[in-house]
Structure formats: structure tokens, C-alpha cells
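Engineer:
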Amino acid sequence: MTSRTVKDDSYEAVMQRRNEILADALGLDYSRFADGPLAFDYEGMMQETGYSLDEVRSIQRETGVGDTPLLELRNVTRLVRQLAPAGKGARIFIKDEAANPSGSFKARRAALSVYQAEKQGYEGVIAATSGNYGAAVASQACMRGLKCIIVQELFDSRMVGQPEIMEKGRKCEAYGAEVVQLTVGPELFYVNLKLLEDTGFFNASLYTPYGIAGIETLGYELAEQVRKRCGRAPDMVVVTHAGGGNVTGTARGLRKAGCAGTRVVGASVDLSGLHMASDEDFNRKSFTTGHTGFGVPFATWPDRADVPRNAARALRYLDRYVLVEQGEVFYITEVLAALEGLERGPAGNTSLAAAVSLAQELDEDQVLVVQETEYTGAGKHPTAQLTFARENGVEVRRGDPDENEPGECIVIPETPGQIKAREFSLDRMRRSLIRNAVQQSGMEEVGQREVSFLCEETSQDRDFVLKVLEELDVPVIS
Amino acid sequence: MSDGAKVGDWVQIERIVLPAGERAPQVPEDTQEKPLVMRVKGFAQHEAKLGEQMTVETVIGRRESGRLVEILPIYDHDYGRPVPELLTVGNEVRRLLEQPGAPEGSEGR
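The listed protein sequences correspond, in order, to chains A and B. Residue numbers in the first sequence follow this note's numbering, run continuously in steps of one, and reach 544 at the last position. Residue numbers in the second sequence follow this note's numbering, run continuously in steps of one, and reach 125 at the last position.
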């Protein structure tokens, strides 16, 4: 550990040292990829990991990560075909990512980061996360003999902890990690920076190129498995979307497997109306990830993350984005256990809830893959979350899931036919991304370099980008 | 449970990281009014009673100080109560699949 000199530890002072702290904590100089104040070389940054997909697979296999089973959900498929018009209802498969060492696909993200930390000679790793990623980093650090600190946002100001996050903290401790637990607030990032500075540990952020390259194997593997089982590429892959890494990595892996025609659909739980940094709202949500509170802001401003340039850039890869309600995810979690004998989730089943609706649009011979499951446990279970919701004044009842109201009422569907994937406009998010990118750069006018970059960022043509810039009154110089 | 910790006991401490009013500018009002509080667990480095100052060594060897809040801090998250709204879901969907004319499944796993 580095010796502490006297320095200003106020919020403002630490945030001002952000870039130096992060550069030391990652051994990666992001300024090399900059191309003016707005654009940067994304692919150049992604190649910076220096590992091919095969090398990533072999690094992951060293610690037992990946090669998870692809299970066909025969009974859920039958149920979907009852709801769908004749000839419709794709075969639904699920990638059982709960079979990874720490119980979720996050082991893939952690594997490469922790490998890199070990290779660069860091004594330990730090990650700021209230999710499954904490346990993943802790487990991988344990396997590679590194120290680990996980920083969680867990309590409201009454010091009441979210049960799901308490379970994730317990799991980190089981793997020998120190868990720093905080009350609500984005200053989690400030605490993270101070710890990185004080310890000299590696920043195992979710959003580094390593964190994303690790997920590419998930997309690649599921493509291989579907081809082997079904003799075709997957027609649709549904991904639970939060910070954007799952979408980005999976889609990149699918592309590397040659699945150009596979539609990538992001799915989030609709928590609109609840403020993510609000002390009062914190324990009124029954999902701590996979929801719109992360999904929308991270897609439209990826660089809000704990690295200078986020490697997770969902709008480059999403073909569609759909929302489901909390009650629908709890319902489908129950169905998965009761019809398929798989007790998983709940948050990871967001994509499964969406899939029940989306599969009805596809033909019977088509293949839909739900690309993750996660382990379930105390606190991390529908009964735990719904008991907690009731204790916090949230109503729980059966009915029409359209009557769900985040923080007020969770409505469990009465029939599977009530589950709906509700379209969320990607164009609206693309516009926000362009607006945020221009604002954050401080540029008053943009050039062709910026226009090209924004085309890549939104996966749209020049006409789209130019039109949005015009609407925003941002002049384009040639 | 005793109300005091001995050297080497596994305990939880708490300290204010940012006082109310000194929170990040983007934090909403209800959160601004509260301090940012941190809790950490570790091995007690000296004797102290609950509520008194305590220094701990964490499991990875880091030192932290704060107010002693719990000795052998409990894991009290659980599975909650059975949820009546979910209890019948399994049988409901099984009945749907048993209806005459229900589609056959595709090839096995």
C-alpha cells in the first residue's frame, strides 16, 4: 500500500484528480484514443486489450469461466405457442450463465480484468458495484491470489439494506473480499476513487475494454451452440440491459461468430419515475439492476461511467429496446421454476419476460436465445423482494401488468398472455446520445470527424445525425 | 450478545464520509439532507463499547476507524414470506399446457 501524504480528500478535490487516479489504476492511457474533444477511436481502444477471442476463452477457462449450458425451454415454448398465432412461436433457449463460478455472466467480465491486474503486478483489485459483478470480481481475485475490495451502495438513510444487495455483499465476503457498504448516492464513485488512490489497486471497472471483451465469449459461445443444436444461427438474442456491457459484449461476440442477421434486443425493467439517487426511492424498487434507471442513461451517455471512455456502448449494437414491468419478471421467474425446474434470477430474468412476448412474433422454426441466467439466493428471490416491497409500503396484487407503478404497485399478471415487451424508441435514445455527446464535449460546432463518430455511436447514417444536429442548432462545418 | 468488543472480535463500524450539505451537487434534495454513511467490517484492534470509536483491520489488512455498530454483524436477509400472488402461478400455467390442443414441445434438451 502506498503511504498517504497530506492531500485534499474533499469531494471536489478527489473528483478533480479523477483522470490521474484512473490512469494509475488501470495502466491504460485513454488520451491516446482521443480524436478531438468529442470523438475517439473506439475499435482502437477495444483492441488495446491485446487478446483475441480465443485467448480470452483460454484465460476464462483457467478459472472455470464460460462454456455454460444452453438449455431449451420446451414448456415455456409450448406456452408461447398457445398464445401466438398459428405457425408462430420461436423455440426459446436460455444460456445458463448461473453455472459460472460466481453464479452469473459477470464472471466473464471479471475474469479478464483480474487476469490483467495480476499480469500488471497489482496487489489487489477494486470494483464499485452493487450487483453480481462484485461476487464475480471477488471470486476471480480469490482464484488468482489478489486482494479485493467491493464498494456497494446498500443502505437508505435508515440503514435499511436492499435484500438483494445484502446477499451480493455476503457472497463477496465468502470469497474473502472486503466489502465497503454505503448509503444511497452517486458518491460511491468518489469513495471508489479514494480507495484506488489509497491502495494503489487495479480498477476492475465494469466498463473497461477488458470488462467488455470478456462478454464477447458469451455471444460467440451461444452462436456456436445454437448452430450445433439447430443448424442455424440464432434469429434473435434477448439481453437484459443495464449499463450496456451485456448488450455490447454479446453483440460483438455474435458478430465475431458471423451472426450478421441475428437481431439483438435489449430488455429492461421499467422503473421510470423513481430517482436512482433518491434516498426515499431507494428501497421502493424491487430490482437493483436490469432496469431503466441504468439502461437509459448509460445508453445515451456511456461516459458517465467510472472510466474516461466507456467500452460499453449499447446504441452501437441494439436493434430494438423493450421494457417489461416488475410484476412480469417475478411472474416469469415463478414460471421458469415451475415449468422448467430452473430456479434462477430474478433480475436476470428480465430478458426472459420480454422473450415470452417477442417469441410470439417469430416463426416456429426460428430460434430465440435468452442469453443469461443468474444464481438465486436469500434476498435475491421473488419472495424476498416482494416481502420487502410490502414492508416498504408497495402494494402487490394480481391483475393487468400495465397497472404497475414503480415504487407504488407491483402487479403480477393473471395470465402469461398479459406479458408484453413494450417498445422503447431507439431513435429517442439516439437523439439524446447526440445531444449529450455535443454538450459534454463543449463544442459549439462540429466537423466531419464528429459526424462520422456520431454515426458509429448511433449505428445510423449521416442523414440521421445531420438532422438531429440541425434540430439541436449545432452547426456542422465541412 | 455483549455490548462491548474485545481485541480480535469481528465487528462492523460506521463513519460519515460526506456530511449532509456536502454531498455531490447532482444529488437530489432528499439525499442532500442526509450524510453519506459507510459501514465496514473487520477485526477489532482494541476494546470498545457499542457506539464508541473503534479501529478495525479488514479482511485484506486495511485499517478503518469509526463508531462501533455491531459485534458479529448478522446476515439477516432471507427468502421472506411465501407470496400468495405467486403461489398459484405454477399450477395455472401447468393447467394451460394440459388443455386439449395444447402445442407439442420441440425436440428434447
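In this text, a Cβ means the ideal position worked out from N, Cα and C, and glycines have one as well.
#1: Taking any Cβ of chain A, which residues in the segment 65 to 77 of chain B have a Cβ under 9 angstroms from it, in chain order?
#2: Could you round the C-beta distance between TYR387/A and LEU272/A to whole angstroms and report it? I think they count as a contact, below 8 angstroms.
#3: Whose C-alpha, out of ILE500/A, ALA156/A, ALA150/A, PRO229/A, is nearest the C-alpha of THR453/A?
#4: To which residues of the same chain is MET112/A closer than 6 angstroms at the C-beta, ignoring the five residues directly before and after it?
#5: Within this structure, are the beta carbons of SER196/A and ASP345/A separated by less than 8 angstroms?
#6: Cβ of PRO89/B less than 8 angstroms from any chain A Cβ?
#7: Looking at chain A, is there any beta carbon in it that lies within less than 8 angstroms of the beta carbon of GLN42/B?
#8: Looking at chain B, which residues of the segment 477 to 489 of chain A have a Cβ within less than 7 angstroms of any of its Cβ atoms?
#9: Does the beta carbon of VAL109/B sit closer than 8 angstroms to a beta carbon anywhere in chain A?
#10: What do you reckon, are the CB atoms on ILE192/A and LEU119/A nearer than 8 angstroms?
#11: Please list, in chain order, the chain A residues whose beta carbon lies closer than 7 angstroms to that of ALA118/B.
#12: Please report whether the beta-carbon of THR129/A lies at a distance below 8 angstroms from any beta-carbon of chain B.
#13: On the DSSP bridge assignment, give the partners of ASN349/A in chain order.
#14: Between the alpha carbons of ARG125/B and LYS294/A, how many angstroms are there, rounded?
#15: Taking the CB atoms as reference points, tell me whether GLY58/B and VAL75/B lie closer together than 8 angstroms.
#16: Which residues in chain B have a C-beta closer than 7 angstroms to the C-beta of SER205/A? List them in chain order.
#17: Is it buried or exposed for GLN426/A, if we count other Cβ within 10 angstroms and need 16 for buried?
#18: Tell me whether GLU123/B is buried or exposed, calling it buried when 16 or more other Cβ atoms sit within 10 Å of its Cβ.
#19: Can you name the start and end residues of the beta strand (DSSP E) that GLN28/B belongs to?
#20: Any idea what DSSP makes of CYS325/A, helix, strand or coil?
#21: Could you work out which residue in ALA91/A, VAL142/A, VAL122/A, GLN126/A is closest to ALA403/A when comparing CA atoms only?
#22: Quick one: residues in its chain with C-beta nearer than 7 angstroms to the C-beta of GLY445/A, no 5 flanking neighbours on either side, listed in chain order?
#23: Hey, would you say ALA202/A sits closer than 8 angstroms to LYS161/A, going by beta carbons?
#24: Runs of 4 residues minimum, wholly inside the segment 39 to 112 of chain B: which ones carry the alpha helix (DSSP H) assignment?
#25: Is the segment 523 to 539 of chain A close to the segment 497 to 515 of chain A, with three or more CB pairs under 8 angstroms?
#26: With DSSP collapsed to three states, give me the class of THR306/A.
#27: So what's THR249/A in DSSP terms, helix, strand or just coil?
#28: Suppose contacts are defined by Cβ-Cβ distances below 8 angstroms. Is ARG410/A in contact with THR439/A by that definition?
#29: How many angstroms separate the CA atom of GLU101/B from the CA atom of ARG464/A?
#30: When DSSP labels each residue in this structure, what does ALA378/A get in the three-state scheme?
#31: With distances taken Cα to Cα, identify the nearest neighbour of TYR256/A among LYS533/A, THR283/A, GLN218/A, ILE476/A.
#32: Is the segment 394 to 403 of chain A touching the segment 91 to 109 of chain B in the sense that three or more CB pairs, one from each, lie closer than 8 angstroms?
#33: Would you kindly work out how many angstroms separate the C-alpha atoms of VAL534/A and LEU337/A, rounded to a whole number?
#34: Could you tell me how far apart the beta carbons of ALA455/A and ILE476/A are, in whole angstroms, since I believe they sit closer than 8 angstroms?
#35: At the level of alpha carbons, what is the spacing between LEU340/A and PRO479/A?
Structural biologist: Short version:
#1: THR74, VAL75, ILE76, GLY77
#2: About 19 angstroms separates the two Cβ atoms, so there is no contact after all.
#3: PRO229/A
#4: PRO275.
#5: no
#6: no
#7: yes
#8: ILE478, PRO482
#9: yes
#10: Cβ distance not < 8 angstroms, so ILE192/A and LEU119/A don't count as in contact.
#11: ARG144, GLN148
#12: Judged by the 8 angstroms Cβ criterion, THR129/A is not in contact with chain B.
#13: DSSP, once it has assigned bridges, lists no residue as partnering ASN349/A.
#14: Per-residue confidence for ARG125/B stands at a pLDDT of 41, beneath the threshold of 50, marking its modelled position as unreliable; no derived number is given.
#15: yes
#16: None at all; the shortest Cβ gap to chain B is about 15 angstroms.
#17: By the neighbour-count rule (16 or more Cβ atoms within 10 Å), GLN426/A is buried.
#18: Only weak support is given to the placement of GLU123/B: the predicted model assigns it a pLDDT of 47, under 50, and the question is left unresolved by the model.
#19: 26 to 34
#20: Note: CYS325/A maps to coil in three-state DSSP.
#21: VAL142/A
#22: PRO229, GLU230, MET232, GLU233
#23: no
#24: 45 to 48, 100 to 103
#25: Counting C-beta pairs with one atom in each stretch, the segment 523 to 539 of chain A and the segment 497 to 515 of chain A have three or more that are closer than 8 angstroms, which means they touch.
#26: Three-state result, THR306/A: strand.
#27: strand
#28: yes
#29: 6 angstroms
#30: coil
#31: GLN218/A
#32: yes
#33: Their backbone Cα atoms lie some 27 angstroms apart in a straight line.
#34: 6 angstroms
#35: Cα to Cα, the separation comes out at about 22 angstroms.
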